[in-house]
Amino acid sequence: MSPNITYVVVAAVLVGCGVYLLLSRSVIRALVGFLLMSNGVNVLFLVASGPAGEVPILGEGDGGPIADPVPQALVLTAIVITLAMTAFVLALAHRAWQLGGTDLLDDDPESARIHRKAEANDTSDDETVQEAVDSIAAGFADEETGEERR
Amino acid sequence: MTAFTWLVPMVVVLPLVGAGVTLAAAGRTQVQRAVSLTVLTLVLVTAGVLLYAADREGPQVVAVGGWAPTEGIVLVVDRLAALMVIVSVVVTMGVLLYSIGQGRSSFDREDDGQSPLPVFHPTLLVLIAGVATTFVSGDLFHIYVGFEMLLAASFVLLTLGGTASRVQAGITYVFVSLLSSLVFLAAIALVYAATGTVNLALLATRIQEIPHSTTVVLHLLLLVGFCTKAAVFPMSGWLPDSYPTAPAPVTAVFAGLLTKVGIYALIRTETLLFPGNSLNTLLLWAALATMVVGILGAVVQDDIKRMLSFTLVSHIGFLVFGIALGSQAGLSAAIFYTMHHITIQTTLFLVTGLVERVGGTTAASRLGGLARVSPLLALLFFVPALNLAGIPPFSGFLGKVGLIQAGVDEGTWLAYLLVAGSVVTSLLTLYAIARVWGRAFWGQSEEGLTGAGPLRGGHHVALSTGLVVPTVALVAVGLGLTVVAGPLFEVTSRAALDLLVRTPYLFAVLGPELGVGL
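Same order as they appear, the protein sequences are chains A and B.
Under our numbering, the first residue of the first sequence carries the number 5, and numbering increases by one thereafter.
Under our numbering, the first residue of the second sequence carries the number 1465, and numbering increases by one thereafter.
Take a look at the structure:
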């Protein structure tokens, strides 16, 4: 079976653009990226189904070779699942926007804390030291975020 | 067709029906509880009967809708699948009882979202249905559907209440999960393109006929998909960030089940589709890195939940180690260790939930003197924690001995390196646990814990019987694994042998004619 080159190129472009968008910190951009990628994968199923043919229904068509119905069934299922997932992510993004007023994802607070401690070369869990570290690190963080916002 | 095959779809159908009923009865707590518990009990009994049948008569197969394996979906329950369903349902039952013990005050703002909402029971049942689907399915695409079912349910559970921290953790988790599913889906498309089927048994026969280079690509794609779900390094970073924020029962059930579903898919595909494969070396290295990196992460954590999440990642390495050895002893030990790990991690997260109730926090540096305030709680933490670290005579020790023996039997330098790695990891696990123990359970508390629990909504929250009993029961199940280790190891050993020779599975699905010539 030689695959249809158009499908392959379309799938590659969709997945490529999807990966680029998915790497963004914006939840909505990442979601669009995910959608592009899943469409790319769905096109991949069309490649897998081989050449187009007659309708795969008994009594229809002129008796020529029929299209492979299995990948179409699989793709339909995949599309439905993607729809459900998208609905959930949209709700989640909306909730994040309600809570924070922004669409951008922050670093995890706990790993950010450990990062700061590592940079300050602090291995203790002493609260006073930690507060000092936090205040210094907060200065750093302000600079960083300030730069990002610009 | 044997007397028991009609039971096979029941492990999926029952929880789904239960989910519908509990959703319809969303306002009635008692009905929800009764239905959920009944359903889980029935599934447990069903899975028990199926294990007996699979052990006696070989894999139980159902062709859904009467379609042949070439067109339709088959459900297959062999020893491995039945064992996994049983242990999953047992821990879920513990978690459900625990959540019932928390009491229901779904609209109680003071409770900080710790209580289950009306959607908790239906979602948990959908999660179990998804987990059971992946376990009993004999079809690659059907496994994908099972994954998506359990993922959708897990998304809802992880973001229960919709607080800022949970939404943030949820976003990370959702995107990682979606991405790994997408990789898996792409792998399925390529598998279909290469072989013209997604049925596992047919694939096992056809995949030998395609070029080796194509097989390696398919294998790698599937590995990436499954290893992300199972949190194998370097695809493990998402887990410690997303698990700790959820309510205790949710984290407990996640820690027990979700990663192990990825492990199950790994075991199934590695043995059935890619026997004696060329990527075992890669998997062994991944196992080593998962163990060591995971445990090094655990050692520096202050928060008990995060520490446990890192040990969870680390011990996934043990499971991958057993799978990658590809020998009967390795697989058998891996299956045993999976069952041990599901029970122990769930128990530990539940106990941490109790710690949070008594101490008001899970940060070890802010706790202290818990052993004096609540000796029972200390005991409940101590026993599974030692079990996790692998102190004899607990089941963790037996599982690790099994894995190490399998590694020594293998005899290559890489296997010995893995053996050394697993010993070091065990010791570091003990260190991480001792560190938390020393801070949280010994010493003095700055805030003066009173055993009556912190003030929440104007009244003290004490450890109620409803919370303690399920936790004690799960601790007991963990200890029980030690008691029944002998017979259990025999069953896992037979399961591993079946997985390796493959013929029982292929015969059961394809019939003797198609299974010939392997």
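All residues carry an ideal CB built from backbone N, CA and C; glycine is no exception.
What are the partner residues of residue i, as DSSP defines its beta bridges?
i, result
"A/ILE70", "A/GLU58"
"B/ASN1663", "B/ASP1603"
"B/ILE1524", "Checking the sequence shown, residue 1524 of chain B turns out to be Gln, not Ile. Paired residue(s): B/VAL1541."
"A/LEU108", "A/SER30"
"B/ASP1766", "Answer is none; B/ASP1766 lacks a bridge partner."
Rounded to the nearest angstrom, what separates residue i and residue j at their Cα positions?
i, j, result
"B/PHE1468", "B/ALA1518", "9 Å"
"A/ALA91", "B/VAL1784", "34 Å"
"B/ALA1849", "B/LEU1721", "18 Å"
"B/LEU1970", "B/VAL1540", "10 Å"
"A/ALA56", "A/ALA71", "5 Å"
"B/THR1816", "B/ALA1483", "28 Å"
"B/PRO1968", "B/ARG1520", "12 Å"
"B/VAL1847", "B/HIS1805", "14 Å"
"B/GLN1430", "B/ALA1650", "Summary: the structure shown does not reach residue 1430 of chain B, with chain B confined to residues 1465 through 1982, and so no result is reported for it."
"B/GLY1577", "A/VAL36", "Low confidence applies here, because B/GLY1577 scores a pLDDT of 47, under 50, leaving its location unreliable and the question unanswered by this model."
"B/GLY1950", "B/VAL1525", "28 Å"
"A/ILE85", "B/GLU1612", "7 Å"
"B/LEU1963", "B/PHE1782", "19 Å"
"B/ALA1762", "B/SER1890", "12 Å"
"A/ALA77", "B/LEU1831", "55 Å"
"B/GLY1594", "B/VAL1583", "16 Å"
"B/GLY1944", "B/LEU1547", "15 Å"
"B/VAL1620", "B/ALA1719", "16 Å"
"B/VAL1688", "B/SER1644", "7 Å"
"B/HIS1924", "B/LEU1881", "Because the pLDDT of B/HIS1924 is 45, which lies under 50, any placement of that residue in the model is unreliable, and the question is left without a value."
"A/ALA34", "B/PRO1856", "48 Å"
"B/SER1677", "B/SER1742", "11 Å"
"B/SER1569", "B/VAL1933", "Since pLDDT at B/SER1569 reaches only 43, below the 50 mark, its modelled position is unreliable, and no value is offered."
"B/LEU1480", "B/GLY1529", "18 Å"
"B/ASP1542", "B/PHE1605", "19 Å"
Determine the DSSP secondary structure at residue i, reduced to helix, strand or coil.
i, result
"B/ALA1517", "helix"
"B/ASP1873", "helix"
"B/ALA1467", "coil"
"B/ASP1962", "helix"
"B/ALA1797", "helix"
"A/ASP126", "coil"
"B/ALA1546", "helix"
"B/ALA1828", "coil"
"B/GLN1908", "coil"
"B/SER1957", "helix"
"B/GLN1496", "helix"
"B/GLN1672", "coil"
"B/MET1699", "coil"
"A/GLU64", "coil"
"B/TRP1749", "helix"
"B/LEU1737", "coil"
"B/ASN1851", "helix"
"B/PHE1858", "coil"
"B/GLU1820", "helix"
"B/GLY1833", "coil"
"B/ASP1575", "Because B/ASP1575 sits at a pLDDT of 47, beneath the cut-off of 50, its placement in the model cannot be relied upon, and the point is left open."
"B/LEU1581", "coil"
"B/VAL1948", "coil"
"B/LEU1927", "coil"
"B/GLY1536", "coil"
My guess is that residue i and residue j are in contact by the Cβ rule of under 8 Å, so how many angstroms apart are they, rounded?
i, j, result
"B/LEU1737", "B/ILE1671", "6 Å"
"B/SER1596", "B/VAL1549", "Sequence inspection shows Ala at residue 1596 of chain B; the Ser mentioned does not correspond to that position. Correct: roughly 6 Å between the Cβ atoms."
"B/THR1556", "B/ILE1592", "6 Å"
"B/ALA1616", "A/MET41", "At roughly 18 Å, the Cβ-Cβ gap does not stay under 8 Å, so B/ALA1616 and A/MET41 are not in contact."
"B/LEU1844", "B/VAL1939", "6 Å"
"B/GLU1874", "B/LEU1789", "6 Å"
"B/PRO1533", "B/LEU1974", "6 Å"
"B/MET1560", "B/LEU1588", "For the record, residue 1560 of chain B in the displayed sequence is Leu; it is not Met. About 7 Å; that satisfies the 8 Å criterion."
"B/THR1754", "B/LEU1878", "Not a contact, Cβ separation roughly 15 Å."
"B/LYS1769", "B/VAL1725", "Not really, about 21 Å apart at Cβ, beyond 8 Å."
Kindly list, in the order they appear in chain E, the residues whose Cβ is closer than 7 Å to that of residue i.
i, result
"A/LEU96", "No chain E is present in this structure, whose protein chains are A and B."
Inset, instruction - Assess, as a yes-or-no matter, whether the stretch 1745-1762 of chain B is touched by the stretch 1660-1675 of chain B under the definition of 3 or more beta carbon pairs within less than 8 Å. - result: The stretch 1660-1675 of chain B, when compared against the stretch 1745-1762 of chain B, does not touch it at the 8 Å Cβ threshold.
Legend entry - Segment contact, 8 Å Cβ cut-off, at least three pairs: the stretch 1702-1718 of chain B with the stretch 1764-1775 of chain B: Three or more pairs of CB atoms, one per stretch, sit closer than 8 Å, so the stretch 1702-1718 of chain B contacts the stretch 1764-1775 of chain B.
Inset, instruction - Decide if the stretch 1790-1809 of chain B is in contact with the stretch 1946-1959 of chain B; the criterion is three or more beta carbon pairs, one per stretch, under 8 Å apart. - result: Segments in contact, yes.
Inset, instruction - Report yes or no: do three or more beta-carbon pairs, one from the stretch 103-113 of chain A and one from the stretch 50-69 of chain A, lie closer than 8 Å? - result: Touching, no, given that fewer than three Cβ pairs across the two stretches are closer than 8 Å.
Legend entry - Stretch-stretch touch, CB-based, cutoff 8 Å, three pairs: the stretch 1823-1838 of chain B with the stretch 1724-1735 of chain B: No, the stretch 1823-1838 of chain B does not touch the stretch 1724-1735 of chain B.
Inset, instruction - Please determine if the stretch 1674-1683 of chain B and the stretch 1653-1661 of chain B are in contact, where contact requires at least 3 C-beta pairs separated by less than 8 Å. - result: They touch, by the three-pair rule.
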